[in-house]
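J.:
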Amino acid sequence: MNTESEYNEKSYSYYDKLFADSPHKPVMPRETLEFIGEKTGELKVIDATVGCGGHSSLILMKYPEAVLLGLDRDEKALEFAKTKLSAASGRFRLMKSRFSEIRARATDMGWLSVDAVLMDLGVSSLQLDDPSRGFSHNFDGPLDMRMGLDSENTAARILNTSSEKDLKRIFREFGEIRKAGRLAREIVARREKMRWTSTLELAELCWNIPGISRRKGPPPPTLCFQALRMAVNNEMFELKKALEDAAEILAPGGIIAVISFHSLEDRVVKLFFRKEASTCLCPPDFPECRCGHKPSLEIVTKKPVTPMQDEIEKNRRAAPAKMRIARKL
Ligand SMILES: C[S@@+](CC[C@H](N)C(=O)[O-])C[C@H]1O[C@@H](n2cnc3c(N)ncnc32)[C@H](O)[C@@H]1O
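Each step along the sequence shown adds one to the number in the numbering used here, with nothing skipped, and position 82 is 116.
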């Protein structure tokens, strides 16, 4: 077992070694260990995106009396998490679930309220680095992109059946792509001759549309793949519903931390925390408050927490991460 001084070790190398054999390195491990704060006694924690169990394993090590519920919609990730957490056997349960169902899963545990909720959004390296999942434009694979393999919708289905208007909306809304209309048009035009099946074919189309990405922005296919993944997995709905329900099941003083990887997600988290922390939701031109809104959260991080340089040097995928934390009033 690790000692308390090791948890507080400031060098990222310690955590890098701890997860050297894991298919996914948990982002901001030091910061995640601190979000719950100095609590003693029994703690009920939900890791709503347990993934390969990285963050959960750290939480269970730091808080010996914590009981943790880990959720993920990906069965393969849950298998890794089960092994990773085995040292804390009896103190965790894993459930295959979408995090929009967080309230029902807490009820399944017999929990009326919880002390902490963690959400580490997006996909894990386990998913991203597996060509058969179709998340990466760097490998050839099927246009799948489902986080949960029991879901029916795939990227190929969206590309082969959606109208040009719907495709344009997906690329503009979820990818903020500048040439969303042109990309949608070309996808539909190619459908006349072929069915969309391969990640590299889609990536090639993106590379061939000039100006799809801003100068110095991400590689052209990145935003297109992000947009499709978000549509396939209904990610915006999932996030909004989970934030609302997680905030409701937090006990007074309970903490929620959300790690996001792009501006669309971060904006949703920021606005949700701001709304829940607000004493009034009336339009700004109302002379006096008529809504009677009662704040339910206190914002802990006025600015998002971001990874330190020593982590980014060892894990490039951590670079865009932003963590926002709020406390239940
Ligand atoms: C960035 S990874 C989390 C990694 C994890 N924190 C760790 O340390 O291993 C995100 C995980 O969330 C899962 N996920 C994303 N959206 C989800 C949703 N709506 N419901 C349940 N799981 C979701 C993905 O399947 C993935 O395993």
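Glycine is no exception: its CB is placed at the ideal position from the N, C-alpha and C atoms.
From a predicted model like this one, the values you see are computed outputs, not experimental measurements.
When you compare each of Ala-189, Ala-218 and Ala-82 to Val-266 by their alpha carbons, which one comes out closest?
T.: Numbered from 1 along the sequence shown, position 232 holds the residue referred to as residue 266. It is Ala-189.
J.: Does the beta-carbon of Gln-343 have 16 or more other beta-carbons within 10 angstroms, so that it is buried, or is it exposed?
T.: Taking the sequence shown and counting its residues from 1, the one referred to as residue 343 is at position 309. Gln-343 is exposed by the Cβ-count criterion.
J.: Which residues in the same chain as Thr-74 place their Cβ atom closer than 8 Å to its Cβ, once the five residues preceding and following it in sequence are excluded?
T.: By one-based count along the sequence shown, residue 74 stands at place 40. Taken in chain order, the residues that qualify are Glu-99.
J.: Mind reading off the beta-carbon distance from Ser-90 to Ala-276? Whole number of angstroms is fine, and I expect it under 8 Å.
T.: Translated into the one-based positions of the sequence shown, residue 90 becomes position 56. Translated into the one-based positions of the sequence shown, residue 276 becomes position 242. 17 Å between Cβ atoms; not a contact.
J.: Does the beta-carbon of Ala-276, which I'm using as the reference point, lie nearer than 8 Å to any heavy atom of ligand 1?
T.: Locating residue 276 in the sequence shown gives position 242, where the first residue counts as 1. Yes, ligand 1 has a heavy atom inside 8 Å of this Cβ.
J.: Mind checking who Gly-104 pairs with in its DSSP beta bridge?
T.: Locating residue 104 in the sequence shown gives position 70, where the first residue counts as 1. In the DSSP output, where bridge partners are listed per residue, Gly-104 has Asp-81 and Leu-128.
J.: Any heavy atom of ligand 1 inside 8 Å of the beta-carbon of Phe-133?
T.: The residue labelled residue 133 in the question sits at position 99 within the sequence shown. Yes, the beta carbon of Phe-133 sits closer than 8 Å to at least one heavy atom of ligand 1.
J.: Under three-state DSSP, which class holds Asn-349?
T.: As a working note, residue 349 is residue 315 in the sequence shown. It is coil, neither helix nor strand.
J.: So the alpha helix (DSSP H) Ile-136 belongs to, where does it begin and stop?
T.: Within the sequence shown, the letter at position 102 stands for residue 136. Looking at the DSSP string, the run of the alpha helix (DSSP H) that includes Ile-136 is 136-142.
J.: Would the beta-carbon of Met-179 be found less than 8 Å away from any heavy atom of ligand 1?
T.: For the purposes of this step, residue 179 is taken as the residue at position 145 of the sequence shown. Not so, every heavy atom of ligand 1 lies at least 8 Å from the Cβ.
J.: To which residues of the same chain is Lys-78 closer than 7 Å at the C-beta, ignoring the five residues directly before and after it?
T.: In the sequence shown, residue 78 corresponds to position 44, counting from 1. Once the five neighbours on either side are set aside, the close Cβ partners of Lys-78 are Val-101, Trp-145, Val-148 and Asp-149.
J.: Which class does Val-339 belong to by DSSP, given the choice of helix, strand or coil?
T.: The residue labelled residue 339 in the question sits at position 305 within the sequence shown. In the structure shown, Val-339 sits in a strand (DSSP, three-state: E or B).
J.: What residue range does the alpha helix (DSSP H) around Leu-284 cover?
T.: Within the sequence shown, numbered from 1, the residue matching residue 284 stands at position 250. Where Leu-284 is concerned, there is no enclosing alpha helix (DSSP H), although the beta strand (DSSP E) it sits in stretches over 284-294.
J.: Given that a residue counts as buried once 16 or more other Cβ atoms are within 10 Å of its Cβ, and exposed if not, what is Ala-218?
T.: One-based indexing of the sequence shown puts residue 218 at position 184. By the 10 Å Cβ count, Ala-218 comes out buried.
J.: For Asp-319, which of helix, strand or coil comes out of DSSP?
T.: The residue given as residue 319 occupies position 285 in the sequence shown. DSSP places Asp-319 in coil when its eight states are reduced to three.
J.: List the endpoints of the continuous alpha helix (DSSP H) containing Asp-184.
T.: Here residue 184 refers to the residue found at position 150 when the sequence shown is read from its first residue. First-last for Asp-184: undefined, no H or E at that position.
J.: Our contact map puts Phe-53 next to Leu-94 with C-beta atoms below 8 Å; I'd like the distance itself, whole angstroms only.
T.: For the purposes of this step, residue 53 is taken as residue 19 along the sequence shown, with counting starting at 1. For the purposes of this step, residue 94 is taken as residue 60 along the sequence shown, with counting starting at 1. Not confirmed; about 15 Å, so no contact.
J.: Under the three-state reduction of DSSP, which class applies to Asp-50: helix, strand or coil?
T.: Numbered from its first residue, the sequence shown carries residue 50 at position 16. If DSSP states are grouped into helix, strand and coil, Asp-50 belongs with the helices.
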